[in-house]
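**Student:** Going line by line, the protein sequences match chains A and B.
Sequential numbering from 1 applies to the first sequence in my numbering.
Sequential numbering from 1 applies to the second sequence in my numbering.
We put the beta carbon where it would ideally sit given N, CA and C, even for glycine.
Number of protein chains: 2
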Amino acid sequence: MAVLCGPHVKGAQGISCGRHLANHDVQVILFLPNFVKMLESITTELALFSKTQGQQVSSLKGEPTAGQVRRVGGGGRQARLPLHQSSGLPTYLPTDLPGSPVDLVINCLDCPENAFLRDQPWYKAAVTWANQNRAPVLSIDPPARALDCGVDAKWSLALGLPLALGEHAGRVYLCDIGLPQQVFQEVGISYHSPFGCKFVIPLHPA
Amino acid sequence: MAVLCGPHVKGAQGISCGRHLANHDVQVILFLPNFVKMLESITTELALFSKTQGQQVSSLKGEPTAGQVRRVGGGGRQARLPLHQSSGLPTYLPTDLPGSPVDLVINCLDCPENAFLRDQPWYKAAVTWANQNRAPVLSIDPPARALDCGVDAKWSLALGLPLALGEHAGRVYLCDIGLPQQVFQEVGISYHSPFGCKFVIPLHPA
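Structure representation (structure tokens):
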């Protein structure tokens, strides 16, 4: 299976998920884009993941399938962009990710606080790979998105409160992340916990 | 129910547990000793817990049942000790904890890195309270201990690898905390994961 992670807290949680699965004898391929400077939570989780049998890949290790590359600077980050694009989609794929279908993709590419990442080539390449692979996708906390710019999921896990997710999100489940009653009161939301004795509940029709 | 927490990472995890239970409409009483300076993980969890319906108590808010108190300094911490003790046990109990039995006690007083805390009066008082209350106790990561210096548990949850726990630990369960294979190799432990598809397994006879 593959875990697709962005360089943010949600990505760190995805790496942790990959480690636990690898410890339970699941063959895990972790995709994480190359950045010179990473969040501490990412480097901590990567150090742990590297001690499993899991494999880490990066789209930017592979060469573009067409066009040349140029470096773009800024913010201590390193990235490559294809010079020529024949469409809105990038002209290369993360060649280190397997070409044949995996059994499951867990999508941790998105983090609500880092929406700008969706414009980056590694993000678009990973989305393209996931949508071309025939594996079912579980998206963790996906954004409400416009058409044609994200991963099509079979299941999505929303955290705390659900966003207005469309059909691309598949079957939506809500996860209790432990927000106390008073937090909702303080932001003016009339809230009664829907969880009962459960910590994950389905939001889609049965 | 009551959650007994020491001023360490394990205690912070206990506070988090108390918050989740309180969010699910369990009446939670959290015991945490008074310290002037707390770990960041403790203050973060306390801030979240304070927004639930749960109640926080401290043994040191209550007055000793016998003897006077004096302040002891050191390490930025504030503590009170009874002047006179009639035995090895302190002469006061955490009076803010309920006198009648609760339904469940979760014991997070211990942390392997902070064994010296077991000599402190708040620790002994909390242990005495738990052993006098007739509630079943779930101990999280209890230490291997000598007789008569800890909480008698009905169940204990060991983390990663079990210690040589005695009868006081009750029925012992082992929790998978995600240590990768290579970590065991590096410290010379021949390890094959006993977890299979589970994350908690019983170590006691069925």
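Distance check for residue 118 of chain B and residue 204 of chain A, CA to CA, integer angstroms please.
**Tutor:** 50 Å
**Student:** Pick helix, strand or coil for residue 7 of chain A, following the three-state DSSP scheme.
**Tutor:** coil
**Student:** Specify the secondary structure class of residue 16 of chain A as computed by DSSP and reduced to three states.
**Tutor:** helix
**Student:** Along the chain, where does the beta strand (DSSP E) that runs through residue 156 of chain A open and close?
**Tutor:** 155 to 159
**Student:** So that I know if they touch, is there some Cβ in chain A lying closer than 8 Å to that of residue 183 of chain B?
**Tutor:** Interface residue, yes.
**Student:** Could you confirm whether any beta carbon from chain B is found closer than 8 Å to the beta carbon of residue 178 of chain A?
**Tutor:** yes
**Student:** Based on the DSSP output, what are the partners of residue 183 of chain B in its beta bridges?
**Tutor:** When DSSP reads this structure, residue 183 of chain B sits in no beta bridge, so it has no partner.
**Student:** Roughly how many angstroms separate the alpha carbons of residue 176 of chain B and residue 182 of chain B, rounded to a whole number?
**Tutor:** 15 Å
**Student:** Could you check whether the region 127 to 135 of chain A touches the region 98 to 109 of chain A, counting it as contact only if at least three pairs of C-beta atoms, one from each stretch, sit closer than 8 Å?
**Tutor:** yes
**Student:** Leaving aside the five residues before and after residue 23 of chain B along the sequence, list all residues of the same chain whose C-beta is less than 8 Å from its C-beta, in chain order.
**Tutor:** 52
**Student:** Please report the straight-line C-alpha distance between residue 92 of chain B and residue 197 of chain A, rounded to a whole angstrom.
**Tutor:** Per-residue confidence for residue 92 of chain B stands at a pLDDT of 47, beneath the threshold of 50, marking its modelled position as unreliable; no derived number is given.
**Student:** Residue 139 of chain B and residue 151 of chain B: beta carbons closer than 8 Å?
**Tutor:** yes
**Student:** For residue 51 of chain B, go through chain A and note every residue whose CB falls closer than 9 Å to its CB, in chain order.
**Tutor:** Here the neighbours are 179, 180, 181, 182, 183, 185, 186.
**Student:** Of all the residues that make up the region 31 to 48 of chain B, which are near chain A by a beta-carbon distance shorter than 8 Å?
**Tutor:** 48
**Student:** Using only the alpha-carbon positions, how far apart do residue 130 of chain B and residue 149 of chain B sit?
**Tutor:** 12 Å
**Student:** Any beta carbon from chain B within less than 8 Å of residue 116 of chain A's own beta carbon?
**Tutor:** Residue 116 of chain A has a beta carbon lying at 8 Å or more from every beta carbon in chain B.
**Student:** Opposite residue 144 of chain B in the DSSP bridges: which residues?
**Tutor:** Per DSSP, none; premise fails for residue 144 of chain B.
**Student:** Looking only at its own chain, which residues have a Cβ that is under 8 Å from the Cβ of residue 209 of chain B, when we skip the five neighbours before and after it?
**Tutor:** The question about residue 209 of chain B has no answer here: the residues shown for chain B are numbered 1 through 206.
**Student:** DSSP state of residue 123 of chain A, grouped into three classes?
**Tutor:** helix
**Student:** Give the interface partners of residue 5 of chain A over in chain D, defined as CB-CB distance under 8 Å, in chain order.
**Tutor:** Among the chains of the structure shown, chain D does not appear; the protein chains present are A and B.
**Student:** Within 10 angstroms of the Cβ of residue 71 of chain B, are there 16 or more other Cβ atoms? Answer buried if so, exposed if not.
**Tutor:** Here residue 71 of chain B scores only 35 on pLDDT, less than 50, and its place in the model should not be relied on; the value that follows carries that caveat. In summary, residue 71 of chain B is exposed, with fewer than 16 beta-carbon neighbours lying within 10 Å of its beta-carbon over all protein chains present.
**Student:** When Cβ atoms are compared, which residues of the region 113 to 137 of chain B fall closer than 9 Å to chain A?
**Tutor:** none
**Student:** What does the Cβ neighbour count give for residue 160 of chain A, buried or exposed, with the cut at 16 atoms within 10 Å?
**Tutor:** exposed
**Student:** With residue 106 of chain A as the anchor, note down where its beta strand (DSSP E) starts and where it stops.
**Tutor:** 105 to 108
**Student:** Could you have a look at residue 27 of chain A and say whether DSSP puts it in helix, strand or coil?
**Tutor:** coil
**Student:** Can you tell me whether residue 25 of chain B is buried or exposed? The criterion is at least 16 other CB atoms within 10 Å of its CB, across all chains shown.
**Tutor:** exposed
**Student:** Who pairs with residue 202 of chain A in a beta bridge, going by DSSP?
**Tutor:** DSSP, once it has assigned bridges, lists A:173 as partnering residue 202 of chain A.
**Student:** Quick one: does residue 192 of chain B have its CB under 8 Å from some CB of chain A?
**Tutor:** Closer than 8 Å: no.
**Student:** In whole angstroms, what is the alpha-carbon distance linking residue 40 of chain B and residue 6 of chain B?
**Tutor:** 14 Å
**Student:** Say yes only if the C-beta of residue 177 of chain B is nearer than 7 Å to one or more non-hydrogen atoms of the ligand NAD, and no if none qualify.
**Tutor:** With respect to the ligand NAD, the structure shown offers nothing to examine, as it has no ligands at all.
**Student:** Please compile the residues from chain B whose C-beta is within a distance smaller than 7 Å of the C-beta of residue 20 of chain A.
**Tutor:** 178
**Student:** Could you have a look at residue 65 of chain A and say whether DSSP puts it in helix, strand or coil?
**Tutor:** In this prediction, residue 65 of chain A scores a pLDDT of 41, lower than 50, which makes its location untrustworthy; no coordinate-derived value is stated.
**Student:** Since residue 37 of chain A and residue 111 of chain A are thought to touch, with beta carbons under 8 Å apart, how far apart are those beta carbons, to the nearest angstrom?
**Tutor:** Contact between residue 37 of chain A and residue 111 of chain A fails: their C-beta atoms lie close to 16 Å from each other, not under 8 Å.
**Student:** What do you reckon, are the CB atoms on residue 142 of chain A and residue 125 of chain A nearer than 8 Å?
**Tutor:** no
**Student:** Report the rounded CA-to-CA distance for residue 35 of chain B versus residue 47 of chain B, giving the unit in angstroms.
**Tutor:** 15 Å
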